[in-house]
Amino acid sequence: MNYLKASKLSLKFNEPLKNYTTFGIGGKASVLVRPENIEELKFLIKTLLKTGENFLILGCGSNILINDEGFDGVVISLRQGDFLHIGNKAGNLEVGAGTRISTLLGFCEKNGFSGLEFMAGIPASVGGAIKQNAGILKKTMAEVIKDINYLDKKGEIRTLSDKDLNFSYRCLDLEFSVITGATLKLKKSSPKKVKENIRLFFNLKRQKQPLEKKSAGCIFKNPKFMNIGALIEELGLKGKGLLS
Ligand SMILES: Cc1cc2nc3c(=O)[nH]c(=O)nc-3n(C[C@H](O)[C@H](O)[C@H](O)COP(=O)(O)OP(=O)(O)OC[C@H]3O[C@@H](n4cnc5c(N)ncnc54)[C@H](O)[C@@H]3O)c2cc1C
């Protein structure tokens, strides 16, 4: 990977990935790269696509299992620099892919933007939440997205608006893409009301999941027309483990 050493990119070789996942597990990445802005990311993606190197985009690592043997390739984190930008664009929020949802909710509360409160307690980055179409109950990221920016399979920046985005349950079906940011359509509200809503959703989540423990939240996806929790209980498997 000498071609990366010659660049100005921030590189960490043999970086333990357990520090970057909510489970706190996983071996080392051959190299972890932290681009600061879109130009650095474009250079990186174009180079990796040209060399054919294995790579992985990591958000907050809350929906990913890293092998104990680590990742033989390049892990890219967007959790710094321009990718943490939050700004007001003609009444809509423009947000970088590396931004934590909790940070974004703090901004929404302070500035009275409503519509994203259902994401309270989900330890995601904006990029990861969009890629997974994260959400709770029947509410998902799909309903707040106005458009997204991403790098395509040539490493070129593209924008797609909501009507062209194919969201489904916990999935955004899109060609090869590194999401760099999004514009969110939220409503103006009072900071007090937004705060109340955030607390409501956060408490709802805390009742169902031990947020202070290491986990990946819900392990299973719901099958079509069925709730997986109810199915596990019906089969008498609730609380069972390898040793119980
Ligand atoms: C305690 C806990 C509670 C949870 N509760 C919920 C819940 O209620 N609802 C829910 O839907 N999920 C929940 N999750 C799962 C998880 O938070 C979501 O799936 C979240 O969207 C993952 O975001 P992330 O930034 O951590 O992505 P990561 O886990 O880092 O990555 C997930 C996937 O997205 C890809 N990815 C990440 N960023 C980008 C990017 N910028 N561009 C392209 N691809 C990208 C990664 O390559 C990977 O394939 C929970 C997890 C935990 C630990």
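Here our numbering runs 15 ahead of the position in the sequence shown, where the first position is 1. For every residue, glycine included, the Cβ atom is placed at its ideal position computed from N, Cα and C. In this text the structure is predicted, and so the values were computed from the model without any measurement.
Presumed contact (8 Å Cβ cut-off) between residue i and residue j, rounded CB distance
i	j	result
K146	L80	Between L80 and K146 the Cβ distance is about 16 Å, and since that is not below 8 Å, they are no contact.
K161	N107	6 Å
L201	S129	6 Å
T195	A112	5 Å
K168	E190	6 Å
R94	S22	With a Cβ gap of about 19 Å, R94 and S22 do not count as contacting.
V209	E124	5 Å
Bridge partners - residue i, DSSP secondary structure assignment
i	result
F235	Note: F235 sits in no beta bridge, so no partner.
Y165	R173, I194
L63	Paired residue(s): none; L63 is not in a bridge.
N103	L108
N181	D188
K43	P31
I81	According to DSSP, I81 bridges with nothing at all.
I72	I91
Chain-order list of residues whose beta-carbon lies under 6 Å from that of residue i (same chain, five-residue window excluded)
i	result
L32	G41, A44, I81
N237	I243
Where residue i sits in the DSSP three-state scheme
i	result
E30	strand
L187	strand
I243	helix
G88	strand
L215	helix
A157	helix
L199	strand
Neighbourhood of residue i by C-beta distance below 7 Å, restricted to the same chain and skipping five residues each side
i	result
Q24	The residue asked about is misnamed: residue 24 is Leu in this sequence, not Gln. V48, P50, E55, L59.
Would you mind listing the alpha helix (DSSP H) stretches within the stretch 111-151 that are 4+ residues and don't spill past its ends, in chain order? The alpha helix (DSSP H) runs lying completely inside the stretch 111-151 and spanning 4 residues or more are 116-126, 141-146, given in chain order.
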